[in-house]
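Asker: Before I ask anything, here is the structure I am working with.
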Amino acid sequence: MEPLIIVHSRDGSCSRVAELLREHLAGGEVRLLQEAEKRRGVFGFLRSGFQSARERPSRLLGQPWNGVSPGRHLYLVGPIWAGRPSPAIRAFLLGAGAGDAETVAASLQDVPVHILTVQADPKRERSGEVHTALTALVSAAGGSVVETVGITGAAPGRTAEPDALREQVVARVGRSPGAPAG
Ligand SMILES: Cc1cc2nc3c(=O)[nH]c(=O)nc-3n(C[C@H](O)[C@H](O)[C@H](O)COP(=O)(O)O)c2cc1C
308 MEPLIIVHSR DGSCSRVAEL LREHLAGGEV RLLQEAEKRR GVFGFLRSGF QSARERPSRL
368 LGQPWNGVSP GRHLYLVGPI WAGRPSPAIR AFLLGAGAGD AETVAASLQD VPVHILTVQA
428 DPKRERSGEV HTALTALVSA AGGSVVETVG ITGAAPGRTA EPDALREQVV ARVGRSPGAP
488 AG
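Here the sequence shown is numbered in my numbering, starting from 308 and rising by one per residue.
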């Protein structure tokens, strides 16, 4: 069963990480989360930071949970905003977009989950706290976290260079016991 790679990206770095991950894993289905919220411009930026700081989920479009199934490795790739997981990744885990949290929570049962966060800060400040918060959301939905990986992306509005991202993906993904790639 090929891995499912769920990604949220505003400025393109997480999308690149998802594609590089597919290369690294030699397969996988990449699915980009679509939201109702507007993220562009100064107001979009401010609203995004505010929403994330307040730990609010966004409203997801469609049914991004389709295809999540027991035993199928799920990779979640998303940015850190205002020192928190991005609202779309939060929404994915809470199942808020579907308005049907019970079904979604049940669907993470026996799902091995890999968490990848991308942020501007080269020291990756707050990534530990964000990984802890995301691990709790995965556990609450019945899934189990295989590994957590922090990646340095680019400043807001910029997209990180593929080579710099590739190096980090290759060096860091699949290093934990039980992770399928290495
Ligand atoms: C609203 C907003 C808030 C952000 N807050 C942080 C932050 O707290 N720490 C950090 O290191 N980077 C922060 N960033 C930078 C992003 O994490 C970085 O640009 C990342 O590469 C974005 O991934 P993307 O290109 O896939 O959207 C923020 C970006 C935005 C848009």
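Glycine included, each C-beta is placed from N, C-alpha and C at the ideal position.
(1) Out of LEU415, GLN358, GLY348, point me to the one whose CA is closest to LEU381's CA.
(2) Ignoring anything shorter than 3 residues or poking outside the segment 331–368, list the beta strand (DSSP E) runs there in chain order.
(3) Are the Cβ atoms of VAL420 and VAL456 separated by less than 7 Å?
(4) Between the segment 336–348 and the segment 466–475, can you find at least three pairs of beta-carbon atoms closer than 8 Å?
(5) Taking DSSP's pairing of strands, which residues face GLN475 in a bridge?
(6) Between which two residues does the alpha helix (DSSP H) carrying THR424 extend?
(7) What are the start and end residues of the beta strand (DSSP E) that includes VAL384?
Answerer: With the structure as the only source:
(1) Counted from its first residue, the sequence shown places residue 381 at position 74. Residue LEU415 is the option with its Cα nearest to LEU381.
(2) 336–339
(3) Translated into positions along the sequence shown, residue 420 becomes position 113. Translated into positions along the sequence shown, residue 456 becomes position 149. No.
(4) no
(5) What you label residue 475 is simply residue 168 of the sequence shown in a count that begins at 1. Partner(s): none; GLN475 has no beta bridge.
(6) Within the sequence shown, residue 424 is the residue found at index 117, counting from 1. No alpha helix (DSSP H) contains THR424, which is instead part of the beta strand (DSSP E) from 419–426.
(7) Taking the sequence shown and counting its residues from 1, one reaches residue 384 at position 77. Run containing VAL384: 381–388, per the beta strand (DSSP E) assignment.
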